[in-house]
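Student: In terms of our numbering, the sequence shown opens at residue 7 and continues consecutively. Next up is a structure, given as structure tokens.
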Amino acid sequence: MPLIRVSKPWEIPDPQITSETSFLNRRRFMTNLIGAGVTASLLPLTGCQSSGDSSKTALDKGSTQAYSGLTRNSNFAKVDRAITDEALATKYNNFYEYGGTKSIWQAAQAMPTENWKVEVAGLVKNPRTYDIDDLQKKFPIEERVYRFRCVEAWAMVVPWVGFPMKLLVADVEPQSNAKFVRFTSFYDPKITPGPGLMSQFYPWPYTEGMRIEEMANDLAFFATGLYGRQLPKQNGAPLRQVIPWKYGFKGAKSIVKIEFLEKQPATFWNTIGPNEYAFEANVNPNKPHPRWSQASERIVGPGNSWSWETRPTLPYNGYGEYVASLYS
Ligand code: MTE
Numbered sequence: 007m008p009l010i011r012v013s014k015p016w017e018i019p020d021p022q023i024t025s026e027t028s029f030l031n032r033r034r035f036m037t038n039l040i041g042a043g044v045t046a047s048l049l050p051l052t053g054c055q056s057s058g059d060s061s062k063t064a065l066d067k068g069s070t071q072a073y074s075g076l077t078r079n080s081n082f083a084k085v086d087r088a089i090t091d092e093a094l095a096t097k098y099n100n101f102y103e104y105g106g107t108k109s110i111w112q113a114a115q116a117m118p119t120e121n122w123k124v125e126v127a128g129l130v131k132n133p134r135t136y137d138i139d140d141l142q143k144k145f146p147i148e149e150r151v152y153r154f155r156c157v158e159a160w161a162m163v164v165p166w167v168g169f170p171m172k173l174l175v176a177d178v179e180p181q182s183n184a185k186f187v188r189f190t191s192f193y194d195p196k197i198t199p200g201p202g203l204m205s206q207f208y209p210w211p212y213t214e215g216m217r218i219e220e221m222a223n224d225l226a227f228f229a230t231g232l233y234g235r236q237l238p239k240q241n242g243a244p245l246r247q248v249i250p251w252k253y254g255f256k257g258a259k260s261i262v263k264i265e266f267l268e269k270q271p272a273t274f275w276n277t278i279g280p281n282e283y284a285f286e287a288n289v290n291p292n293k294p295h296p297r298w299s300q301a302s303e304r305i306v307g308p309g310n311s312w313s314w315e316t317r318p319t320l321p322y323n324g325y326g327e328y329v330a331s332l333y334s
């Protein structure tokens, strides 16, 4: 299992370029680690683990409700490889609230998704709290087939169901000083125990963030389902981010809050390992992770990961024509 190298305190970014809250969060995280005598080399954390036999995964089909009358968006209907087997995509997961292994799907059934609300707050003209059912009636639901690329160099192809993030952006009308957006996942230590003893050192709740222009890009998607069904809990029910040109950790699961902010927010993995999990985190074959290459990726399939097909990584995960201009 790869180990995260936690930065030395003097490597923490200057608070001038982060918000005060983000700086204080980071400092608290480091202080907790040092106070507990935990050194970087002892932290058994990974962004995405890729080991394990994923073939022992019988799918309990029908566990979530199927969408009716679903239309696949023809602009996002095909990629250069087969759609990942549903049994793999729904039984080979990362959800640290429920453990640090891939096999969390049963534990994740504890997520209380009934009467789910999503609060949209911060620098918007229309702050509001959406009920998840209303959200799915308000915005037209469609299917999109996207490549999905984990920072640890495994990849899938998933048919997501949901709606473009830009529709929600238009609905809440960001104020002119809003530059960033923070997404917060559900967290309650009684329900989301985390990965064992080390959980106390994680900067819960899981948060992610992006620039407002990225959120308004046509590709940025809120998923409410996959494979024609409502999202299973292990995949982030009832609402998660899907940003196909970025590494998978950028997509927060089980979102309860969306905030429009002026300053770049602190985020979960970037707080834990700023040199390993960048805020921007665009898929880039030419930018190696400090501890491994990103030049190629392994396509998740049956059997052990060493037997999976390998392919060259594509810049922006193959979505450069949509997003490269955001970074020029
Ligand atoms: N969201 C939350 N709340 N907690 C997590 O641990 N893991 C991230 C991302 N979103 C994670 C999360 C990582 S590292 C990956 S690769 C993807 O979810 C995995 O999504 P999947 O299980 O649907 O494949």
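We put the beta carbon where it would ideally sit given N, CA and C, even for glycine.
1) Note down, in chain order, each residue of its chain lying with its Cβ closer than 6 angstroms to the Cβ of residue 25, except the 5 sequence neighbours on either side.
2) Do residue 298 and the ligand MTE come close, with the Cβ less than 8 angstroms from some heavy atom?
3) Would residue 113 pass as a contact of residue 105 if the rule is Cβ separation under 9 angstroms?
4) Under 8 angstroms: does the beta carbon of residue 171 sit that close to some heavy atom of the ligand MTE?
5) Are residue 147 and residue 122 touching if we call contact CB-CB under 9 angstroms?
6) Cα-Cα, which of 164, 180 and 80 is closest to residue 254?
7) Taking three-plus beta-carbon pairs below 8 angstroms as touching, is the stretch 206-219 in contact with the stretch 271-278?
8) With the cut-off set at 9 angstroms, would you say residue 170 and residue 228 are in Cβ contact?
9) So what does DSSP say about residue 26, is it helix, strand or coil?
10) Are the stretch 238-253 and the stretch 302-318 touching, with three or more C-beta to C-beta distances below 8 angstroms?
11) Can we count residue 242 as close to the ligand MTE, meaning its CB is less than 8 angstroms from some heavy atom?
12) Thinking just about the alpha-carbon of each residue, which of 285, 231 and 133 is nearest to the one in residue 266?
13) Leaving out the 5 sequence neighbours to the left and right, which residues in its chain are closer than 6 angstroms to residue 27 when beta-carbon positions are compared?
14) Can you check the stretch 171-212 for any beta strand (DSSP E) of at least 3 residues that lies completely inside it and give the ranges in chain order?
15) Report the rounded CA-to-CA distance for residue 149 versus residue 307, giving the unit in angstroms.
16) Which residues in the same chain have their Cβ closer than 6 angstroms to the Cβ of residue 239, if we skip the five residues on either side of it in sequence?
17) Can you check whether the CB of residue 282 is closer than 9 angstroms to the CB of residue 297?
18) What residue range is occupied by the uninterrupted beta strand (DSSP E) comprising residue 136?
19) Does the beta-carbon distance from residue 260 to residue 119 come in below 9 angstroms?
20) So, is residue 161 buried or exposed, given that buried needs 16 or more other C-beta atoms within 10 angstroms?
21) Mapping the DSSP letters down to three states, classify residue 43 as helix, strand or coil.
22) Around the C-beta of residue 51, are 16 or more other C-beta atoms found within 10 angstroms, so that it is buried, or is it exposed?
Tutor: Taking the structure as given:
1) No answer about residue 25 holds up, because its pLDDT of 36 lies below 50 and its placement is not dependable.
2) no
3) yes
4) no
5) no
6) 164
7) yes
8) yes
9) Only weak support is given to the placement of residue 26: the predicted model assigns it a pLDDT of 35, under 50, and the value that follows is read from those uncertain coordinates. The answer is helix: DSSP assigns residue 26 an H, G or I state.
10) no
11) yes
12) 133
13) The predicted position of residue 27 is uncertain, since its pLDDT is 39 and thus under 50; a value taken from the coordinates is nonetheless stated next. Answer for residue 27: no residue qualifies.
14) 186-191
15) 22 angstroms
16) 114, 115 and 117
17) yes
18) 134-137
19) yes
20) buried
21) Its pLDDT being 46, under 50, residue 43 is placed unreliably by the model, and nothing is read from it.
22) Low confidence applies here, because residue 51 scores a pLDDT of 39, under 50, leaving its location unreliable; read the following figure in that light. Label assigned to residue 51: buried.
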